[in-house]
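Notes follow the structure.
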Amino acid sequence: MAGPTTAERGARQQESSGPPRVRRFRRPRLRTIIILAVALVLVAGGTVWVLYGSNWTRLERVSVSGTDVLTPAQVREAADVPVGDPLVSVDTEAVEARLRRKLPRIDEVDVERSWPHGIGLKVTERTPVLIVQKGRNFVEVDDEGVRFATVSKAPKDVPTLELEPARSGSAAASLRRFDDDRLVREAVRVAGRLPGKVARDTRVVKVRSYDDISLELSGGRTVSWGSGEQGVRKARALTALMKATPDARHFDVSVATAPASSGS
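Using our numbering, the first residue of the sequence shown is number 28, and each one after it goes up by one.
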């Protein structure tokens, strides 16, 4: 008797195998859920206790870096960081705001937590580019035109800014458009464009109006700069002019395309 054909064996095999089995997802038992929930509560509670309740993360020291004129003690006093409090509770933005308010000499400050017991204050001080004489004292002005400190002794190699606004003619009309603060910013703008050697030799930056700024250099030399516009071109013109006429006493670059010199 002949055995089953190949087609019959395939049909029987398909019948015996049936549809694919679907594995049922076992729901976690209630006991397991409770254990996990308790564990999470304990971990969270322990974390809160470590951060707020223990002595392991209390603030113990405040370090200061980056000071030049200011002292670390001055910065710490102005920062008024609550030593002894939990480190996590220190309001770093409030510390930064206090430093900026109490110490205008500070240009930038980074307040960082140093786990587990420290706060770091990284300070960048403003640098004077001009000074304004005020009685016997001197007001320091930075590269943004901010008058940030009054000192009794003028810093070395920083030019003096003389504001002598004209009160008549076209210069007076210019003054009505540009107040003293704007004129100070223009003087700073000019000082920032001076060639290196000229900057070192500059003793006075004199401002009569927005477009009438001049320099007094060492050796009695003077420069008519004009406005703060086209500063790079004027700096190049002044450098070339000084090389071409080294014995001149007066240089005029108020019109960058037509520089001139005179005197010897």
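Idealized CB from N, CA, C, for every residue including glycine.
Item                                                                                                                                                                                : Value
Is GLY290 near the ligand NAP, in the sense that its beta carbon is under 7 Å from a heavy atom of that ligand?                                                                     : The ligand NAP is not among the ligands present in this structure, which contains no ligands whatsoever.
Please list the terminal residues of the continuous beta strand (DSSP E) segment that includes ARG88.                                                                               : 88–92
For ILE146, is the classification buried or exposed, using 16 other Cβ atoms within 10 angstroms of its Cβ as the cut-off for buried?                                               : buried
Starting from the Cα of GLY258, find the closest Cα among VAL231, GLY247, ARG220, ALA181 and give me that residue.                                                                  : ARG220
Leaving aside the five residues before and after ALA283 along the sequence, list all residues of the same chain whose C-beta is less than 7 Å from its C-beta, in chain order.      : GLN257, ARG260, LYS261, ALA264
Give me the Cα-Cα distance between ASP95 and LEU114, rounded to the nearest whole angstrom.                                                                                         : 27 Å
So VAL159 is in the beta strand (DSSP E); what residue range does that whole segment cover?                                                                                         : 157–161
Kindly list the residues whose CB is nearer than 7 Å to the CB of VAL166, restricted to its own chain and excluding five residues on each side of it in sequence; keep chain order. : ILE158, VAL159, ARG174, THR177
Under three-state DSSP, which class holds MET28?                                                                                                                                    : Only weak support is given to the placement of MET28: the predicted model assigns it a pLDDT of 49, under 50, and the question is left unresolved by the model.
Taking the continuous beta strand (DSSP E) assigned at THR151, which residues delimit it?                                                                                           : 145–152
Only counting the same chain, and skipping five residues up and downstream in sequence, which positions put a Cβ closer than 7 Å to that of ALA287?                                 : ASP279
Is the Cβ-Cβ distance between ARG103 and HIS144 less than 8 Å?                                                                                                                      : no
Which word fits ILE240, buried or exposed, when buried means at least 16 other C-beta atoms lie within 10 angstroms of its C-beta?                                                  : buried
Candidates ARG227, SER92, ALA181, ASP206: which alpha carbon is nearest GLU135's?                                                                                                   : SER92
Would you tell me roughly how many angstroms separate the C-alpha atoms of LYS183 and ARG248, rounded to the nearest one?                                                           : 20 Å
Would PRO186 and ARG230 qualify as a contact pair, given that the criterion is a beta-carbon distance under 8 Å?                                                                    : yes
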